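**Student:** Structure provided below as C-alpha cells; questions to follow.
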Ligand code: PHE
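In this note's numbering, the protein residues as written are 1213 to 1551.
Put into C-alpha cells, the structure is as follows:
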C-alpha cells in the first residue's frame, strides 16, 4: 500500500515540468521541505513499514528523493539558460581574445646587458633608490663642496644629514664593498634620478648598469678586454671600441668609451653625426681613495668600474629618437618590442 503510493509519487514527480521559478520552488518545498515535505514525512514513517518491505521501499524512497532533487536543479538551470538568451548572452559565441603582454624595452635591454656580464662571472647587486650622502658621494671620493658634485644634479629629500635620490647606481657598489671582501665582480642595474629638464635626450629618471671588478692584479687591459667583449656581444661581431680620456672622481685614470656606429658600420650617418662613433659609457680604474674609504687595501687590490645608461643603449639598439617614449607607456610604442 505504502509502496504503491511511493511509486505513484515517483511518476508524478517525473512528469512535473515548469518554466516558472516560483512553481519550481514550491514543487521543491512540497516534496523536500524539512517541515512537512512529502518525501521528508515518508522517511519519518519508514520505521512503520513491515520488515519484509523495508528493502524495496527504502530503494524507492531514495529514488524519489533523488528524482526530486535532480528535477529541481535541471529546471532551474533550464530557466537560467533561457534568461541568458533573453539578456542577449550567447554561449556559442567565441570567447574574447586576450592579449599577451610584452616586456618593456628597458627591461629587455637591461636583461640582455646583464646576461652578457653574467657570462663573464659578474653577479647582480641591487640597492635602495633613496640614499645618503655617504653612499652616493663621500665613499666615492667626492669631497664636500667638490665641484664634481655639480656634475650630477641631485634631488635632495632632506638636508643635514643629506638624504637624497641616488644619481647613479655606484651607490650599490659602495654597499657591496661594505659587505664583501675582494674578489668582487658585480653589476648593479637600477633606476637613478637627476634634476634635469626633460627633453628628447634627457630625463629626470633613467636607468643605469654599473660594473665593478676588484681583485689582485686587475689592470686597464682587463677593463678594455671586458668592454670589447661586451661591445661585440651586444652590438654584433666586428664592433670596435675607442677610449677617450675623461674625468670621474671615483676612477683614475678615467675614460669615455665609444663603439663604432652599428647603423652605418663606422662610415658616418645622422645617428653618429657623421663621426662613425657612438658614446656608450664611462669607465676607469677604481681610485685608491675609494678602495681605502671602503676598507680595501689599495696596495694589494686594484679594480675597474664602468657605468652606462640603459635608455641610451636602447635608443641606439632600436633607433629610437626620443627618450621620453620610454616613460609614456603608450601601448602603440611598447607593443613593438618582443623579448
Ligand atoms: N657613475 C658614473 C655616472 O653615473 C658612471 C661611471 C661609473 C663612470 C664607473 C666611471 C666608472 O655618470
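Note that beta-carbon positions come from the ideal geometry of N, C-alpha and C, so glycine has one too.
Here the structure is a predicted model, which means the values were calculated and not measured.
Taking the alpha carbon of residue 1386 as the point to measure from, which residue in 1337, 1493, 1263, 1512 has its own alpha carbon closest?
**Tutor:** Position 174 of the chain shown, counted from the start, is the residue given in the question as residue 1386. Residue 1386 has its Cα closest to that of 1337, out of 1337, 1493, 1263, 1512.
**Student:** Between the segment 1342 to 1362 and the segment 1285 to 1299, are three or more C-beta pairs nearer than 8 Å?
**Tutor:** Taking 8 Å as the limit for Cβ pairs, the verdict is that the segment 1285 to 1299 does not touch the segment 1342 to 1362.
**Student:** I'd like to check one pair, residue 1452 with residue 1472: are the Cβ atoms closer than 9 Å?
**Tutor:** For this step, residue 1472 is matched to residue 260 along the chain shown. For this step, residue 1452 is matched to residue 240 along the chain shown. Yes; because the gap between Cβ atoms is below 9 Å, this pair is in contact.
**Student:** Is the beta carbon of residue 1575 sitting closer than 9 Å to the one on residue 1517?
**Tutor:** Residue 1575 lies beyond the range of the chain shown here (1213 to 1551); nothing can be said about it.
**Student:** Whose C-alpha, out of 1465, 1429, 1474, is nearest the C-alpha of residue 1449?
**Tutor:** Walking along the chain shown from the start, residue 1449 turns up at place 237. It is 1474 whose Cα lies nearest to the Cα of residue 1449.
**Student:** Just curious, the alpha helix (DSSP H) that residue 1224 is in, first and last residue?
**Tutor:** Position 12 of the chain shown, counted from the start, is the residue given in the question as residue 1224. Residue 1224 -> alpha helix (DSSP H) spans 1214 to 1227.
**Student:** Taking the straight line between their C-alpha atoms, what separation do you get for residue 1432 and residue 1535?
**Tutor:** If you number the chain shown from 1, residue 1432 lands on position 220. If you number the chain shown from 1, residue 1535 lands on position 323. Whole-angstrom Cα-Cα distance: 32 Å.
**Student:** Curious, which full-length alpha helix (DSSP H) runs of at least 4 residues does the segment 1468 to 1544 contain?
**Tutor:** Fully enclosed alpha helix (DSSP H) runs of 4 or longer: 1500 to 1505, 1522 to 1530, 1537 to 1540.
**Student:** Here's the rule: buried if 16 or more other CB atoms are within 10 angstroms of the residue's CB, otherwise exposed. What is residue 1409?
**Tutor:** Residue 1409 sits at position 197 when you count from the first residue of the chain shown. It counts as exposed.
**Student:** If residue 1381 and residue 1400 are in contact, beta carbons under 8 Å, what's the gap, nearest whole angstrom?
**Tutor:** Counted from its first residue, the chain shown places residue 1381 at position 169. Counted from its first residue, the chain shown places residue 1400 at position 188. Yes, residue 1381 and residue 1400 are in contact; Cβ-Cβ is about 4 Å, under 8 Å.
**Student:** Cβ of residue 1414 versus every heavy atom of the ligand PHE: is any distance shorter than 8 Å?
**Tutor:** Against the chain shown, residue 1414 aligns to sequence position 202. Answer for residue 1414: no, Cβ out of range of the ligand PHE.
**Student:** Helix or strand or just coil, what does DSSP make of residue 1450?
**Tutor:** Against the chain shown, residue 1450 aligns to sequence position 238. Three-state DSSP puts residue 1450 in coil, outside helix and strand.
**Student:** Cα separation between residue 1304 and residue 1288?
**Tutor:** Translated into positions along the chain shown, residue 1304 becomes position 92. Translated into positions along the chain shown, residue 1288 becomes position 76. Approximately 20 Å, taken between the alpha carbons.
**Student:** DSSP puts residue 1423 in a beta bridge; with which residues?
**Tutor:** Looking up residue 1423 in the chain shown gives position 211. Its beta-bridge partners are 1399, 1518.
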